[in-house]
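Protein chains in written order, with our numbering: chain L, 159 to 382; chain U, 990 to 1609. Here is the structure we will look at.
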């Protein structure tokens, strides 16, 4: 390469004295902080700037309170797709207020990425409130219907598992049973794993619906 | 008039006739058939009541729209039918809807008002899409209106039906599909409010043909009613006081601070606040591409244009800064390059009205959410006045870097280079001969960077450029809107031969509506930026970089536009003056050097410290 890149990155050591003390606590809308403050001597070279996020990925739960308008589900899902967030589950329903819907979105990402997702959701005109309840005490439930292959020889065995798992048989036929189970995602996962050996003909899950424990209400916070 | 029928065969008996109407006899089928017939029947009663189309015109007038850009088509005809009753709104008949959208964009950028464009359903609507996307990426307040097929035909793949609402959904701030005329007053009031409030952006309103034709008595809401009806839209205008204190403390301690001024300064009309703040704190101001005009470039504290093709001295200042005060900018990749190596010694205060911008591209120490003007006004009394003498060593170093940068061989007037005409020289002369008081509208590519670097901007909102989306073909139509928005200023469209050929149909609009845009066509017979990248990054594999064009003087002449030609440096001033003397649009065909590069250049993926300043033997 015959290029002649400039060598202007060599900041003189004198340039970086007296950096301000760390003072980024209590951010208004967000409080991403990074350890960029300390300067290295010039001969070592500048420290790499921290990128936003890059932290550990975990499952997050966002609750969004939205206006019940045509296309609002499309707006939310389109935004998540366009911004490269992968939704694990999405449950939508009415609330007690006639024109307000509630979405429970679970997704995997690091904290900063999910905060970014929440902020992007806020940009939608029809979104009233978004809350990441991942770190809060919550009731976290989903419902699954599982159509399990059943024969005369193993039906009793399946029913025992259903009973132990606090499931409920909602349909019984010669060759299958439909079982309804509710619980946390993990509990439903566990039940599905247990009955998989008998053969699952069909499986449908609602995705998690989540509500914070205690008397505080995300819905009340949006009331006009 | 006699009508002759070719078909003289006897018609079959009524009993033998079949109906092919799905669900014939039901109310739904009847509605569909009636709508189909209505699509072919635009007969208008002479005495008429208020219909949806009237509401649209009333709403435009209420919102202070004096001009809009549009193209007719089947389903938008009900609106055209009543337009004549509203002479207060000037209708510009563009030659392509994309031109209309860019014109609305250019109008919005120079006036700060909401630009309005309109088209019919289907292709009319999809033609607007590039312009809407351009407005979204640059946060331009715009309302785009389209007609759609009658409500009952939606979803039936009717003639010129496309799901335009689904198409614009991810590329607007908000969008609407209106199927009932009674909703039109509310929707229009909301759309304009959303487009201009907080971080501006485009809003799209799709209106079914029957909604335009329906009678309605619905009243226009007040601004208060509009706000009350949008509970999910409450932009945070004022900064958190605690954050301001933190910012003031950071500023007090900084030894090498730099202000990064972005487009948000212009949106907030905060240019005076910025200058006052910079002067009090004695902090140099660098600007982004769209932040051009936030501070006059001849101000002692204006340090210049940053980023990929920015000034080397500006990028050096950023790389050695201990504090960046970013205001109304979003750390775009063209500004930061590789984020890992970006401003490695700097703490960052980031002011933006959109919370989602903060922490999106770079991690920052002090986030401040608020309107740039309000934040600057709140911060001004909290910072101490700094004696310039305190910053003397810093300023001396900056001045030395600037001398070095401006003394580089690639800089400035290249008129002497082998007698060839260089683009930077042309742009410099246009800036000089218009006293830096015109509106300068860039296209995309090398011409855009030459314009940003060499025009010498003195006025806010005098620079119009498609920054985020980088839309070629932007210049001429955007200049059309800009000229109508600021008729008190001369308007220059400075474009390359590539972009010009994308939207040159609007030359006819310039002529027909007597819009006095001066077009500076920088013709290197190449896609210059493509050629430059292929030279430097793709080992000289010049596929599709050559772009033969027509005889541009003849082309302009065919439209009735006076054309001037300059092939050498000594012809430049005369050509510019001749174009300026024309009462109306004019074109100057500058045949510039074919292989001129724009330097410095930061290769994609590299950092601000990795600028390329020359390549091979060429260091233009």
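Ideal placement from N, C-alpha and C gives every residue a C-beta, glycine not left out.
For residue i and residue j, I'd like the C-alpha separation in whole angstroms.
i: residue 1477 (chain U); j: residue 1424 (chain U); result: 14 angstroms
i: residue 1353 (chain U); j: residue 263 (chain L); result: 27 angstroms
i: residue 1495 (chain U); j: residue 1053 (chain U); result: 25 angstroms
i: residue 1526 (chain U); j: residue 1596 (chain U); result: 16 angstroms
i: residue 1173 (chain U); j: residue 1357 (chain U); result: 37 angstroms
i: residue 197 (chain L); j: residue 1334 (chain U); result: Interpretation of residue 197 (chain L) is limited by its pLDDT of 40, a score under 50 that renders its predicted location unreliable; no figure is taken from the coordinates.
i: residue 1542 (chain U); j: residue 1592 (chain U); result: 36 angstroms
i: residue 334 (chain L); j: residue 346 (chain L); result: 19 angstroms
i: residue 338 (chain L); j: residue 1165 (chain U); result: 40 angstroms
i: residue 1533 (chain U); j: residue 1369 (chain U); result: 52 angstroms
i: residue 234 (chain L); j: residue 245 (chain L); result: 11 angstroms
i: residue 1429 (chain U); j: residue 1453 (chain U); result: 6 angstroms
i: residue 1529 (chain U); j: residue 1523 (chain U); result: 5 angstroms
i: residue 1309 (chain U); j: residue 1382 (chain U); result: 14 angstroms
i: residue 1313 (chain U); j: residue 1068 (chain U); result: 50 angstroms
i: residue 1329 (chain U); j: residue 1043 (chain U); result: 55 angstroms
i: residue 1161 (chain U); j: residue 1191 (chain U); result: 5 angstroms
i: residue 219 (chain L); j: residue 236 (chain L); result: 18 angstroms
i: residue 295 (chain L); j: residue 288 (chain L); result: 17 angstroms
i: residue 1098 (chain U); j: residue 1129 (chain U); result: 7 angstroms
i: residue 1554 (chain U); j: residue 1467 (chain U); result: 23 angstroms
i: residue 1061 (chain U); j: residue 1303 (chain U); result: 48 angstroms
i: residue 1581 (chain U); j: residue 1563 (chain U); result: 16 angstroms
i: residue 1144 (chain U); j: residue 1265 (chain U); result: 56 angstroms
i: residue 1550 (chain U); j: residue 1420 (chain U); result: 22 angstroms
Could you tell me whether any Cβ in chain U is nearer than 8 angstroms to the Cβ of residue i?
i: residue 284 (chain L); result: yes
i: residue 244 (chain L); result: no
i: residue 256 (chain L); result: no
With distances taken from CA atoms, which of the options is nearest residue i?
i: residue 1213 (chain U); options: U:1194, U:1237, U:1179; result: U:1179
i: residue 1540 (chain U); options: U:1519, U:1571, U:1253, U:1578; result: U:1578
i: residue 1409 (chain U); options: U:1469, U:1454, U:1511, U:1367; result: U:1511
i: residue 1104 (chain U); options: U:1122, U:1085, U:1121, U:1131; result: U:1131
i: residue 230 (chain L); options: U:1158, U:1420, U:1211; result: U:1158
i: residue 1500 (chain U); options: U:1418, U:1303, U:1461, U:1082; result: U:1082
i: residue 1445 (chain U); options: U:1065, U:1602, U:1294; result: U:1294
i: residue 256 (chain L); options: L:314, L:209, L:226, L:296; result: L:226
i: residue 1359 (chain U); options: U:1332, U:1336, U:1315; result: U:1315
i: residue 1544 (chain U); options: U:1576, U:1265, U:1580, U:1506; result: U:1576
i: residue 1317 (chain U); options: U:1376, U:1387, U:1291, U:1339; result: U:1339
Using beta carbons (cut-off 8 angstroms, strictly below), is residue i in contact with chain L?
i: residue 960 (chain U); result: Outside the shown range of chain U (990 to 1609) lies residue 960 (chain U), about which nothing can therefore be said.
i: residue 1328 (chain U); result: yes
i: residue 1402 (chain U); result: In this predicted model, residue 1402 (chain U) has a pLDDT of only 45, less than 50, meaning its place in the structure is not dependable; the value taken from the coordinates is given anyway. No - not a single Cβ of chain L is within 8 angstroms of the one on residue 1402 (chain U).
i: residue 1318 (chain U); result: no
i: residue 1210 (chain U); result: no
i: residue 1349 (chain U); result: yes
i: residue 1378 (chain U); result: no
i: residue 1278 (chain U); result: no
i: residue 1159 (chain U); result: yes
i: residue 1352 (chain U); result: yes
Return yes when the Cβ of residue j is within less than 8 angstroms of the Cβ of residue i, no when it is not.
i: residue 1443 (chain U); j: residue 1407 (chain U); result: no
i: residue 249 (chain L); j: residue 365 (chain L); result: yes
i: residue 1363 (chain U); j: residue 1346 (chain U); result: no
i: residue 1084 (chain U); j: residue 1497 (chain U); result: yes
i: residue 1255 (chain U); j: residue 1275 (chain U); result: no
i: residue 945 (chain U); j: residue 1587 (chain U); result: Because chain U is modelled from 990 through 1609, residue 945 (chain U) falls outside the range shown and cannot be assessed.
i: residue 1342 (chain U); j: residue 1246 (chain U); result: no
i: residue 1518 (chain U); j: residue 1448 (chain U); result: no
Using beta carbons (cut-off 8 angstroms, strictly below), is residue i in contact with chain A?
i: residue 1458 (chain U); result: Considering every chain present, this structure includes no chain A. Its protein chains are L and U.
Listed in chain order, which residues of the stretch 265-293 of chain L have Cβ atoms closer than 8 angstroms to some Cβ of chain U? Flagged, chain order: 270, 273, 274, 277, 278, 280, 281, 282, 283, 284, 285, 286.
According to a CB-to-CB cut-off of less than 9 angstroms, which residues of the stretch 225-245 of chain L neighbour chain U? Result list: 225, 228, 229, 232, 233, 236, 237, 239, 240.
Selection of the stretch 207-223 of chain L by Cβ proximity to chain U, strictly under 7 angstroms: 207, 208, 209, 210
Beta carbons nearer than 9 angstroms to chain L: which residues of the stretch 1212-1223 of chain U have them? Against chain L - using a Cβ distance shorter than 9 angstroms - the residues of the stretch 1212-1223 of chain U are 1217, 1219, 1220, 1221, 1222.
Residues of the stretch 1330-1346 of chain U in Cβ contact with chain L at a cutoff of 9 angstroms, in chain order, please. Flagged, chain order: 1330, 1331, 1332, 1333, 1334, 1335, 1336, 1337, 1343, 1344, 1345, 1346.
With 7 angstroms as the limit, tell me which residues of the stretch 1145-1169 of chain U have their beta carbon closer than that to any beta carbon of chain L; keep them in chain order. For the stretch 1145-1169 of chain U, the residues whose beta carbon sits under 7 angstroms from a beta carbon of chain L are, in order, 1158, 1159, 1163.
Contact set between the stretch 1167-1194 of chain U and chain L, restricted to residues whose Cβ is under 8 angstroms from the partner: 1183
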